[in-house]
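What follows is one structure encoded as C-alpha cells, with my remarks underneath.
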Amino acid sequence: MKKILQIDSSPRGSRSHTRRLSEQFVKLWLDKHSGAEVVHRDLGKQLPTPVSENWIAAAFAPAEEQTTQFNNQLHESDTLLDELINTDALVIGIPMYNFGVPATFKAWIDQIVRIGRSFSFEPKDKQQPYKPLLKDRPGFIIIASGEAGYEPGGAFFAMNQIEPYLRTVFPFIGINNLHFIYCGNDEFGGERLEQSLNMARQQIQQLATST
Ligand SMILES: Cc1cc2nc3c(=O)[nH]c(=O)nc-3n(C[C@H](O)[C@H](O)[C@H](O)COP(=O)(O)O)c2cc1C
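Structural data, given as C-alpha cells:
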C-alpha cells in the first residue's frame, strides 16, 4: 500500500494557501492511488522541539555509549524520522518567511537530518565522507509568498532561500526527486493572486495525476 506524508508548516488555518494546495494535491494523489494512506504532520500547529545540547550529545554518542536518557532525548526525532522513512511520497506546504523557510519547518529539518539515521559520516572516504541513507522518493514542495517571481528564472529568484536550501538538504539525506510549485501574490490579492493560485492548481493537477 502506498503512503504519502503531508507536511504543513503554515501557522495559518483556512487562510493558508499552502494548506489548501497541499490538500488539493493529496486528494488528487489518493484518486490515482486507490487504497493509499495519508499521514499528516502539522508543523504549523505543533512546532517540533528545537535541537538542544542534550539532543546533540545523544545524537552524536557512539552506539556503545547510548543510554536510556539519550534514547529519550531522541524519541521525537525517531518518531519524525520513522514517519518520513515509511512513506512513498512527500507533499510539503511552506510559507516563505523572510525569504526562507519558517522556523516550524526548520525545526523539523533539524530533527530529521541525523547522523546514523538519515546520513552517515565516514571520514576515511576522502571523496565522499557524507552518505545519504534514505531511499529516494518524489517530494512535492508548495511555496507561497506575498510577492511573486521567486521561481527559477523569476525576477526575485536570487532572494529565494527556500528552493536552493531544500535542493541541498534533501539530497544530503537521499531525497533527490524534488518538484517545486509556486504560488505568489498573497500581498496583492485580487486577480493577481487568483492567477497565481490557478497556475499552482494546474501544476498540482499535472504532477499529482502523473506521479
Ligand atoms: C513573518 C512573515 C514573513 C514573510 N516574509 C515574506 C517574504 O520574505 N517574502 C514574501 O514574498 N512574502 C513574505 N511573507 C508573506 C507570506 O509568504 C504569504 O502570506 C504566504 O501566503 C504565507 O503562506 P500561507 O498562505 O500558506 O500561510 C511573509 C509573511 C509573514 C507572516
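Heads up: the sequence shown begins at 11 in my numbering, then just goes up one per residue.
Just so you know, even glycine gets a beta-carbon here, dropped at the ideal spot from N, CA and C.
Reference residue i; option with closest CA among the options
i: G149; options: I95, R25 and M209; result: I95
i: P21; options: N170, A99, I104 and A168; result: I104
i: L84; options: E63, I102 and L100; result: E63
i: F166; options: G110, T78, S44 and S26; result: G110
i: E86; options: S130, P60 and G23; result: P60
i: Q138; options: S130, T78 and M169; result: S130
i: C193; options: E93, Q16, N208 and F180; result: N208
i: K116; options: Q16, P58, K145 and T221; result: P58
i: W118; options: Q205, E75 and R51; result: R51
i: Y140; options: P174, Y160, P181 and P112; result: P181
i: G156; options: E93, E204, T178 and V123; result: E204
Length of the line joining the Cα atoms of residue i and residue j
i: K42; j: P162; result: 29 Å
i: M106; j: I153; result: 7 Å
i: N81; j: A68; result: 7 Å
i: T219; j: Q212; result: 11 Å
i: R202; j: D18; result: 24 Å
i: L217; j: F190; result: 10 Å
i: G224; j: N187; result: Outside the displayed span of the chain (11 to 221) sits residue 224, for which this structure offers no information.
i: K136; j: A46; result: 42 Å
Short Cβ contact (8 Å threshold) for residue i with residue j
i: T114; j: G200; result: no
i: A210; j: L31; result: yes
i: I214; j: F35; result: yes
CB-CB length for residue i against residue j, believed under 8 Å
i: D98; j: I151; result: The pair is not a contact, with the Cβ atoms about 16 Å apart (cut-off 8 Å).
i: G184; j: P142; result: 3 Å
i: V48; j: L38; result: Actually they do not touch by this definition, with Cβ atoms about 12 Å apart.
i: L100; j: R147; result: 7 Å
i: L90; j: Q121; result: 5 Å
Simplified DSSP state of residue i, which is helix, strand or coil
i: Q16; result: strand
i: H189; result: strand
i: V49; result: strand
i: G200; result: helix
i: Y140; result: strand
i: V179; result: helix
i: I102; result: strand
i: I152; result: strand
i: S87; result: helix
i: F129; result: strand
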